[in-house]
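Chains A and Y are the protein sequences, given in the same order.
Here the first sequence is numbered in the numbering used here, starting from 593 and rising by one per residue.
Here the second sequence is numbered in the numbering used here, starting from 30 and rising by one per residue.
Even glycine gets a Cβ: it sits at the ideal position worked out from N, Cα and C.
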Amino acid sequence: DGGITQSPKYLFRKEGQNVTLSCEQNLNHDAMYWYRQDPGQGLRLIYYSQIVNDFQKGDIAEGYSVSREKKESFPLTVTSAQKNPTAFYLCATERDRNSNQPQHFGDGTRLSIL
Amino acid sequence: SQQGEEDPQALSIQEGENATMNCSYKTSINNLQWYRQNSGRGLVHLILIRSNEREKHSGRLRVTLDTSKKSSSLLITASRAADTASYFCATAGGGNKLTFGTGTQLKVEL
Chain A
593 DGGITQSPKY
603 LFRKEGQNVT
613 LSCEQNLNHD
623 AMYWYRQDPG
633 QGLRLIYYSQ
643 IVNDFQKGDI
653 AEGYSVSREK
663 KESFPLTVTS
673 AQKNPTAFYL
683 CATERDRNSN
693 QPQHFGDGTR
703 LSIL
Chain Y
30 SQQGEEDPQA
40 LSIQEGENAT
50 MNCSYKTSIN
60 NLQWYRQNSG
70 RGLVHLILIR
80 SNEREKHSGR
90 LRVTLDTSKK
100 SSSLLITASR
110 AADTASYFCA
120 TAGGGNKLTF
130 GTGTQLKVEL
């Protein structure tokens with residue numbers, strides 16, 4: 593989706609290291625989401641944010657942290673506490689909070705352990 | 030938690046044939062959405078069907094919803110090689126959260 597930019601496309605993490613995945617959107621959407629996708633699996637929700645300076649834990653928040661200081665940006669930090677971080681990470685946006693409208697996705701960041 | 034379960038997990042058909050994928054879910058929903066994912070890419074929204082709708086069409090796509098059976102189906106007619114992808118259903122039950130199924134991998138062969 594051209595309106596959502598995730599970077600980097602590939603990321604490698606060393607043991608004990610924190611890494612941050614970037615998600616930027618120019619769609620002027622209120623809600624933003626982070627999902628984790630493991631091979632052959634569906635998406636699992638890590639964190640979501642309905643408005644600036646507010647965010648909520650999803651189903652698998654342990655070992656992750658987020659911030660929402662600007663409407664356009666919702667970075668995800670994978671901390672050293674996340675013992676199995678290897679996965680494909682997807683960021684998504686939704687126009688309005690509580691709207692249950694379609695979500696728009698970035699092209700993902702693939703994180704691997706060195 | 031994974032609410033939706035797609036069936037089959039994998040489907041291989043010839044170009045020109047129809048492809049049908051099914052999704053079952055467990056709790057009440059506001060709407061059900063279908064997404065497509067090409068290998069190594071993000072998800073792309075295909076179609077949304079509300080809980081009070083029974084059928085919806087978009088181009089070669091036809092989605093049905095049976096809330097009494099808590100199930101939905103996605104039919105792709107006259108499939109093309111470019112339809113090769115994974116297809117996911119996602120349920121919206123209120124609030125902001127979508128719950129995704131495990132997906133069906135579709136391969137359309139020439």
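Are any of the Cβ atoms in chain Y nearer than 7 Å to that of A/G655?
no
Inter-stretch contact at 8 Å, needing at least 3 Cβ pairs: the segment 40-54 of chain Y / the segment 634-643 of chain A
no
Assuming A/T669 and A/T597 make a contact with CB atoms under 8 Å, what is their CB distance in whole Å?
Contact flag wrong, Cβ pair sits at about 18 Å.
Run down chain A in chain order and give the residues with a C-beta less than 9 Å from the C-beta of Y/T131.
Correct list: G632, Q633, G634.
Decide if the segment 657-673 of chain A is in contact with the segment 687-696 of chain A; the criterion is three or more beta carbon pairs, one per stretch, under 8 Å apart.
Touching, no.
Measuring alpha carbon to alpha carbon, tell me which of Y/N67, Y/T113, Y/L94 ends up nearest Y/S53.
Y/L94
Report the residue from Y/L75, Y/N60, Y/L90, Y/N59 whose alpha carbon sits nearest the alpha carbon of Y/A28.
As shown, chain Y starts at 30 and ends at 139. That puts residue 28 of chain Y outside it, with no answer to give.
Looking at the strands, I want to know which residues DSSP matches up with Y/H74.
Y/Y64
Using C-beta distances below 8 Å, list every residue in its chain close to A/D622, excluding the 5 sequence neighbours before and after it, in chain order.
Q642, I643, K663, E686, R687, D688, R689
Determine the DSSP secondary structure at Y/G122, reduced to helix, strand or coil.
If DSSP states are grouped into helix, strand and coil, Y/G122 belongs with coil.
Have a look at Y/E35, Y/S57, Y/A39 and flag the residue whose alpha-carbon is nearest the alpha-carbon of Y/K99.
Y/S57
Measuring only between beta-carbons, confirm whether Y/Q86 sits less than 7 Å from chain A.
Contrary to the premise, residue 86 of chain Y reads as His rather than Gln in this sequence. Not one chain A Cβ lies under 7 Å of Y/H86.
Assuming A/P600 and Y/Q62 make a contact with CB atoms under 8 Å, what is their CB distance in whole Å?
Their Cβ separation, rounded to whole angstroms, is 28 Å, which puts A/P600 and Y/Q62 out of contact at 8 Å.
What is the DSSP secondary structure of Y/A39, reduced to helix, strand or coil?
strand
Y/A48 by DSSP, collapsed to three states: which one?
strand
Looking at A/S704: is its Cβ nearer than 7 Å to the Cβ of A/F604?
yes
Between the CA atoms of A/L706 and A/E607 - distance to the nearest angstrom:
7 Å
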